[in-house]
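FYI, the numbering for the sequence shown is 66 to 295, going by the working numbering. Using N, Cα and C, we set each Cβ at its ideal position, and we do this for glycine too. Computed from a predicted structure; not experimentally measured.
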Amino acid sequence: MAIRVNEYCPPFTADKVTRDNCRKLVGGLWKEMGELQLNFMKTRGGLLPEMTLLDLGCGCFRGGIHFIRYLNEGGYYGLDISTSLISAGFEYELPQAGLKLARDHVIASDHFDASSFGVQFDRVLAVSLWTHLPLNHIQRSLWEVSRVLKPGGIFYTSVFWCPDPLALLSPLRHESGGVVSYRDLDPYHYCQGDFDFLLFQLSIPLRLQWIGEWEHPRDQQMVAFHRLDI
């Protein structure tokens, strides 16, 4: 029997995504999480209006509508596995927010292939993406991001963190939000050694930084990867 990686793979089909449920399909907490992402990137992520940002796992623009307003025109890009969620963002969410976005600034990809934009990014953000991915998918996304991140650029990603590597194989309950994460089931949790190993194995010029708490209501922690200027 095939193992299902997460609820998003295979991607949602058009009949599963509607105006009424698209926000729920990307995790809900629409206003709270959208504002939290922008606030974090402005105050702690160093995001400036003139920068370019890739929203990895953009869905129907929960964070996107805030970043599009904040960034200079043309600075926002998005990538998601689901064509249907992206379409819902263009059809429902952007018009409701009074915003416009060039269609070629968002692509659907199941291999995180951001290089097709032909853009080098100042910042990349993935919120509630790695929490749904097994380690081999994370490895692929980290490799692809490393190819499009400017020297000096930073990739921020939220994770469910396991503080005790000896307990890595046990279910972990996160008191804030009550989510239970697992090593080998969605939602997934990780420890620092996992990411140290990936950087070593991929031999890419990224430096890991543990950030931790950023007021996520479901106890996701933040990790950063800095692109070295070499």
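Output yes or no for whether 7 Å exceeds the beta carbon distance between residue i and residue j.
{"i": "Leu144", "j": "Pro114", "result": "no"}
{"i": "Ala79", "j": "Ser174", "result": "no"}
{"i": "Phe186", "j": "Thr83", "result": "no"}
{"i": "Phe220", "j": "Phe290", "result": "yes"}
{"i": "Leu273", "j": "Phe262", "result": "no"}
{"i": "Glu209", "j": "Ala179", "result": "yes"}
Just the Cα atoms here: how many angstroms apart are residue i and residue j?
{"i": "Arg188", "j": "Gln285", "result": "19 Å"}
{"i": "Lys215", "j": "Lys107", "result": "18 Å"}
{"i": "Trp279", "j": "Tyr253", "result": "19 Å"}
{"i": "Thr152", "j": "Phe77", "result": "A small fix is needed here, since residue 152 is Ser in this sequence, not Thr. Each residue's alpha carbon lies about 11 Å from the other."}
{"i": "Ser147", "j": "Leu264", "result": "28 Å"}
{"i": "Val213", "j": "Lys89", "result": "30 Å"}
{"i": "Gly93", "j": "Cys125", "result": "11 Å"}
{"i": "Gly277", "j": "Met287", "result": "5 Å"}
{"i": "Asp229", "j": "Arg205", "result": "25 Å"}
{"i": "Val91", "j": "Leu234", "result": "27 Å"}
{"i": "Gly163", "j": "Ile130", "result": "9 Å"}
{"i": "Phe132", "j": "Glu158", "result": "13 Å"}
{"i": "Lys96", "j": "Asp169", "result": "25 Å"}
{"i": "Ser211", "j": "Thr222", "result": "13 Å"}
{"i": "Thr196", "j": "Asp249", "result": "11 Å"}
{"i": "Pro160", "j": "Gly140", "result": "19 Å"}
{"i": "Leu112", "j": "Ser268", "result": "27 Å"}
Under three-state DSSP, which class holds residue i?
{"i": "Leu263", "result": "helix"}
{"i": "Phe182", "result": "helix"}
{"i": "Asp120", "result": "strand"}
{"i": "Trp275", "result": "strand"}
{"i": "Asp145", "result": "strand"}
{"i": "Ser152", "result": "helix"}
{"i": "His281", "result": "coil"}
Can you round the beta-carbon distance between residue i and residue j to whole angstroms, since I take them to be within the 8 Å contact cut?
{"i": "Pro297", "j": "Ser241", "result": "Residue 297 falls outside the range modelled here, since the chain spans only 66 to 295, and no answer is possible."}
{"i": "Val192", "j": "Gln102", "result": "6 Å"}
{"i": "Gly110", "j": "Gly128", "result": "Not confirmed; about 12 Å, so no contact."}
{"i": "Val245", "j": "Pro236", "result": "5 Å"}
{"i": "Asp120", "j": "Leu207", "result": "About 16 Å; that fails the 8 Å criterion."}
For the region 184-234, list the alpha helix (DSSP H) runs that are entirely contained and at least 4 residues long, ordered along the chain.
-> Qualifying alpha helix (DSSP H) stretches, in chain order: 200-213.
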